[in-house]
Each structure stands twice: as structure tokens, then as C-alpha cells.
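Residue 208 in full-length UniProt numbering sits at position 208 of the sequence shown, with consecutive numbering throughout.
A virtual CB, placed ideally from N, CA and C, is assigned to each residue, including glycine.
Quantities reported herein were computed from a predicted structural model and do not represent experimental measurements.
This report refers to the structure that appears directly beneath it.
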Amino acid sequence: MLPAQTRPLFRLAWPILLSNCTIPLLGLVDTAVLGHLPDGRYLAAVALGAVVFSFLYWGFGFLRMGTTGLVAQAWGRQDQAALGRLILQALGLAFLLGLTLQLLRPLVPWLLTLLDGEPETRLLAAEYISIRLWSAPAVLMQYVVLGVAIGLGRSRVVLALLILANGINILLDLWFVLELGMTSNGVALASLLAEWAAAVAGLFWLLRTCRQLGIPLQRPTADAAALKRLIQVNSDLFVRTLALLLALAFFTRQGAQQGNEVLAANAVLMQLVMLSSYLLDGFAQAVEARFGAAFARSHQEAVQVFRAGLFLSVVTALLLTLLVWLGGAWLIHRLTDLPEVRQVAENHLPWLWLILPVSLWCYLFDGVFIGATWTDAMRNTLLLSLAGYLLAWWLLQDWGNHGLWAALLVFNALRGLTLAWVFRKRFHATTPDTPPPHHNC
1 MLPAQTRPLF RLAWPILLSN CTIPLLGLVD TAVLGHLPDG RYLAAVALGA VVFSFLYWGF
61 GFLRMGTTGL VAQAWGRQDQ AALGRLILQA LGLAFLLGLT LQLLRPLVPW LLTLLDGEPE
121 TRLLAAEYIS IRLWSAPAVL MQYVVLGVAI GLGRSRVVLA LLILANGINI LLDLWFVLEL
181 GMTSNGVALA SLLAEWAAAV AGLFWLLRTC RQLGIPLQRP TADAAALKRL IQVNSDLFVR
241 TLALLLALAF FTRQGAQQGN EVLAANAVLM QLVMLSSYLL DGFAQAVEAR FGAAFARSHQ
301 EAVQVFRAGL FLSVVTALLL TLLVWLGGAW LIHRLTDLPE VRQVAENHLP WLWLILPVSL
361 WCYLFDGVFI GATWTDAMRN TLLLSLAGYL LAWWLLQDWG NHGLWAALLV FNALRGLTLA
421 WVFRKRFHAT TPDTPPPHHN C
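Here is the structure:
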């Protein structure tokens with residue numbers, strides 16, 4: 001049984017946990033459908049295109065995070081007018097950014113040359129990207145809808161929308177490829193239609209919910225301060241996300257320079273790390289909403305949310321660490337049949353026993369800081385941690401791949417420590433009634 005004070009947070013978190021677990025499902029279906037075609041170029045083309053979209057759409061994930069924090073605080077203050085203004089401004093920003101991404105079309109062939117691949121595969125990947133890119137406005141607006149849903153504590157809506165999108169995508173995948181004889185272009189078209197369908201459904205839910213809660217969705221009045229705050233929060237999170245992407249790309253590149261076996265083994269181990277991150281991030285996203293609303297009302301309530309999030313995160317991280325300790329080798333054998341890759345992965349498995357419990361602090365404090373909209377601190381601490389990560393690798397590179405994993409451990413430890421230090425400074429210096437100014441540290 002969960003302690004009573006953690007149950008509200010868990011009720012908010014479990015739909016997010018389930019929705020996070022559906023994320024890898026779509027990629028598995030795409031692989032299964034295209035993997036049975038006689039030519040492997042189609043699967044390779046979708047793999048290349050998926051890398052581009054993962055970078056683009058993850059880079060714009062700040063729209064979801066920034067919206068969640070601002071909505072949670074406005075909802076905590078019961079400021080309906082501010083909520084309506086914020087929602088419209090965020091949707092407008094997302095739609096504008098989605099249209100701006102269409103300007104990348106002439107750059108697609110060049111982007112694909114950076115990923116290597118055979119010329120024919122790159123042509124198919126370019127077609128895949130050109131089709132899916134039309135869904136960019138839908139995807140970015142969907143980020144805002146999900147941010148509003150989490151900020152209002154409606155996490156079941158997040159699960160429903162992701163199930164809808166993935167369900168439509170899977171059905172259209174099967175129809176277009178297996179029934180109509182399409183290839184990678186059919187997979188792209190299925191994603192395009194599914195993403196727009198989910199966006200439309202999300203907007204209908206948003207309109208109905210705003211009516212029920214008395215949130216006015218009218219043309220926003222000129223509020224330069226509110227718009228500036230929205231842009232500043234999203235800008236901070238954008239820089240922070242780019243720095244995080246750089247850290248992960250650096251890890252992959254350094255592993256690749258040590259040989260194919262090391263690169264493949266690191267990819268297998270990172271699958272276990274990412275699976276754990278989906279679970280821990282579910283609690284972090286619940287903390288975003290609860291902490292943001294509580295922080296707008298009272299420090300005491302915010303402390304209770306933090307303690308509940310800490311309890312759930314610690315228990316989850318320890319269970320995941322125990323699972324990897326007892327069954328890590330078995331999981332590695334399920335993910336790869338190559339003896340050399342298995343051996344390298346098993347030799348580096350103990351690093352996961354350290355990284356998983358250390359990383360829980362990153363996710364927990366990310367949720368706290370997004371809820372409090374201390375996004376400037378998230379940006380600055382991540383940049384500082386990135387510098388420490390690169391320095392650690394420079395000092396430890398003689399250890400080879402063990403040095404690379406040690407540097408990643410240092411990176412996550414620095415993220416948690418620096419965020420904890422800023423939290424202690426800011427929490428008691430900020431009153432619930434007045435949003436914090438934009439600090440430099």
C-alpha cells in the first residue's frame with residue numbers, strides 16, 4: 001500500500017507512465033511491417049527519417065514542459081483569464097513554429113547526408129520526411145494540449161490521446177503497406193494522418209474543458225509581460241533541450257569511435273536506461289502539475305508534493321536498479337544475439353546500477369523546476385553539467401568505454417546536485433503570491 005500522501009500524485013502519474021510505455025510500440029510496429037518487405041531499403045529509409053524527426057520533435061518538447069508549468073501555476077491561483085490567454089498564446093506559438101519548420105524542406109537532402117546511408121535509401125528517406133513534415137503544426141499544437149492536460153491534472157487525457165494517435169497510426173500502417181502495397185511512403189502517410197487526427201481530438205477536448213471550467217478562450221488582450229514570460233520560459237527550455245541532445249549525441253559519437261561492438265553494446269544498454277527514464281519521467285511530469293499548482297498557493301503544500309514525488313521516485317529507481325542487477329544479463333540477451341555485443345554490454349552493466357539511482361534526482365528536480373517555472377536555472381545548470389561531463393570524459397578517456405559511462409554518471413550527478421543547490425536557494429526566497437523574477441543562476 002502506498003502512503004496516503006503519495007496517492008494523489010500516483011493517481012496523476014499512472015496514466016502518464018502507461019502513455020510513456022506506448023512510445024516504443026509504434027516504432028516496433030513500423031519495423032515489423034516494413035521488415036517483412038522484400039527490400040530492406042524501406043526500413044532503412046524510415047530509420048533515417050525517424051532520427052531526423054526525433055531530433056526535431058524532441059527539440060521542441062519545451063512547448064509541453066513550459067505550458068505545463070505556467071498552466072499549473074495559473075490553475076493553482078484560479079486565474080481563469082490568465083489560463084485562457086496562456087492557452088491561446090501557446091497554441092499560436094506552436095502553430096507558427098510548425099509552419100516555420102516547413103522552411104527546412106530544401107535542407108532535407110543535406111541533413112540526410114550527415115547520417116550517411118546509401119543514395120537510394122536517402123531518396124526514400126527524403127520522401128518520408130517531406131510527407132511527415134506536413135504534420136509539424138499538429139505535433140507542436142499537440143504538445144501544448146498535453147501540457148495543458150497535465151497542468152490541469154487531467155493525465156488520463158494524455159493517455160487517451162496517445163492511444164488514439166498510436167492506434168490510428170498502427171491501423172493505417174497495416175492498411176497502407178499490407179493492403180495497398182505502399183512502402184515507406186505509406187508509413188509516413190499513416191503518421192501524418194494519425195498526428196492530425198490526435199491534434200484535432202485534443203483541440204476539441206481543450207475547447208470543451210475550457211467551457212466546463214469557465215476558462216475564456218477569446219482573442220487575448222495585449223499583455224506584453226505574459227507573452228514575454230511565455231517566450232522566455234520556452235527559450236530557456238529550448239536551450240536546455242539542445243544541450244541535452246548534444247550530450248547524448250556526444251556519447252553516441254564517442255562510442256562509435258571505439259568500434260561497432262562498443263557502439264552496439266552502448267545502444268543496448270541505453271535502451272534499458274531510456275526505458276527506466278520513461279518510468280521516472282512519468283512521476284516527474286506528475287510533479288510538474290502538482291508542484292506548480294501547490295507552489296502558487298503555499299510552500300507547505302509544495303513541500304508535501306515534493307516529498308510524495310521523492311518517495312515514488314526513490315522506490316521506482318531502487319526497483320529498477322534491482323531488476324537490472326538481477327536480470328540485466330537476461331535482458332541484454334533478449335535485445336541482441338551477437339556474442340561480442342553481449343559480452344561488451346555485460347562488462348559495462350554495473351554502470352547502470354549506479355546511473356539509475358543517481359538519475360532519479362535529475363527527473364524529480366526537472367519536474368519541480370518546470371512546475372515552479374524556474375527554467376533559467378534548468379538551462380544554466382544543464383550547461384554547467386554539460387561542461388563537467390566533457391571535462392570528465394577528457395580526464396577519463398584512457399578508461400575507454402568505462403570512462404565514457406563514468407562521464408555520463410558524472411553528468412547526471414552534476415545535474416541533480418546543481419538543481420538541488422538552486423532549489424535550496426530559491427524555494428524559501430520566493431513567496432507563492434509573486435512569481436519569481438528571471439534570475440541568472
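Residue i by DSSP, collapsed to three states: which one?
i: S298; result: coil
i: E118; result: coil
i: I215; result: coil
i: P8; result: helix
i: A429; result: coil
i: Q258; result: coil
i: Q78; result: coil
i: D236; result: helix
i: D281; result: helix
i: G327; result: helix
i: Q142; result: helix
i: P38; result: coil
i: T183; result: coil
i: P3; result: coil
i: L193; result: helix
i: G400; result: coil
i: T22; result: coil
i: D30; result: helix
i: L263; result: helix
i: N440; result: With a pLDDT of 46 at N440, under the threshold of 50, the modelled position of that residue is not reliable, and no figure is offered here.
i: T336; result: coil
i: L152; result: coil
Compute the beta-carbon to beta-carbon distance between residue i and residue j, rounded to the nearest angstrom, for a pair I have assumed lies under 8 Å.
i: L312; j: T6; result: 6 Å
i: L335; j: S276; result: That pair is no contact at about 14 Å.
i: L12; j: A286; result: 4 Å
i: N347; j: Q258; result: Their Cβ separation, rounded to whole angstroms, is 13 Å, which puts N347 and Q258 out of contact at 8 Å.
i: R240; j: L382; result: 5 Å
i: W374; j: R290; result: Contact flag wrong, Cβ pair sits at about 16 Å.
i: T67; j: G151; result: 7 Å
i: V46; j: S184; result: 5 Å
Where residue i and residue j are concerned, what is the direct C-alpha to C-alpha distance, given to the nearest angstrom?
i: L159; j: A72; result: 19 Å
i: W179; j: L172; result: The amino acid at residue 179 is misidentified as Trp; the sequence shows Glu. Their backbone Cα atoms lie some 10 Å apart in a straight line.
i: L338; j: W58; result: 31 Å
i: V177; j: T121; result: 18 Å
i: L114; j: G76; result: 46 Å
i: L18; j: R154; result: 14 Å
i: L48; j: Q80; result: 44 Å
i: R41; j: A247; result: 30 Å
i: L326; j: W351; result: 14 Å
i: A429; j: E261; result: 50 Å
i: G403; j: H36; result: 39 Å
i: V273; j: Q232; result: 31 Å
i: A190; j: I168; result: 8 Å
i: T434; j: R297; result: Because the pLDDT at T434 is just 49, under 50, the model does not fix this residue reliably, and the point stays unresolved.
i: G69; j: N234; result: 11 Å
i: F95; j: P137; result: 5 Å
i: R424; j: D366; result: 14 Å
i: residue 445; j: F238; result: Residue numbering for the chain in the displayed model covers 1 to 441; residue 445 lies beyond these limits and cannot be assessed.
i: Q271; j: Q89; result: 36 Å
i: L9; j: V305; result: 8 Å
i: K228; j: L63; result: 15 Å
i: A267; j: L279; result: 19 Å
i: L409; j: L207; result: 44 Å
i: A149; j: C210; result: 11 Å
i: F295; j: I370; result: 11 Å
i: Y389; j: V108; result: 31 Å
i: W175; j: L391; result: 51 Å
i: P38; j: L192; result: 25 Å
i: A146; j: M65; result: The sequence shown places Leu at residue 146, rather than the Ala named in the question. Computed Cα separation, rounded: 9 Å.
i: I355; j: L414; result: 12 Å
i: W394; j: A243; result: 18 Å
With residue i as the anchor, note down where its alpha helix (DSSP H) starts and where it stops.
i: W361; result: 350-372
i: S54; result: 41-59
i: R379; result: 375-396
i: R156; result: 155-173
i: Q102; result: No alpha helix (DSSP H) holds Q102; DSSP gives it neither H nor E.
i: P109; result: 108-113
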